[in-house]
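Participant:
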């Protein structure tokens, strides 16, 4: 079911980046066996500080469900955020809930993501590039 939904959602696209693409990299890789996956790496502590700032903003967004209701592209925003969070927990933490706000968890998230990609993507199609490398 996930692959059928992804195939329909991605029809006509040539690439994907970030969420919601990342948590579905394994399924997307199976759908597009010639696709190359590039994972940008960075300093985990600095990344986590930035993510916490964004997450604080997103957590406030769930209160916008009522004003977003008449806007078709935004009315399901909080459900989308929750679905991506649940999917990330599934692929990065075997379905166990975790709190990215906690430093010891959030800083490890990047290494968990890299491990997921190494498990889900054939090595010949997976490339890592550090943000500092340009």
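Residue numbers (the numbering used here): 1 to 134. Even glycine gets a Cβ: it sits at the ideal position worked out from N, Cα and C. Please read these numbers as outputs of a predicted model, since none were measured by experiment.
Could you tell me whether any Cβ in chain D is nearer than 9 Å to the Cβ of residue 22?
Facilitator: The chain inventory of the structure shown lacks chain D, comprising one protein chain alone.
Participant: If the criterion is Cβ atoms closer than 9 Å, does the pair residue 48 and residue 99 meet it?
Facilitator: The residue you call residue 48 lines up with position 48 of the chain shown. The residue you call residue 99 lines up with position 99 of the chain shown. No.
Participant: Tell me whether residue 41 sits in a helix, a strand or coil according to DSSP, three-state version.
Facilitator: To locate residue 41, count along the chain shown from 1; it is residue 41. It is a strand residue.
Participant: Within 10 angstroms of the Cβ of residue 22, are there 16 or more other Cβ atoms? Answer buried if so, exposed if not.
Facilitator: By 1-based counting over the chain shown, the position of residue 22 is 22. With 16 or more Cβ atoms within 10 Å of its Cβ, residue 22 is classed as buried.
Participant: Using the Cα positions of residue 33 and residue 63, report the straight-line distance between them to the nearest angstrom.
Facilitator: Along the chain shown, one-based indexing puts residue 33 at 33. Along the chain shown, one-based indexing puts residue 63 at 63. Computed Cα separation, rounded: 40 Å.
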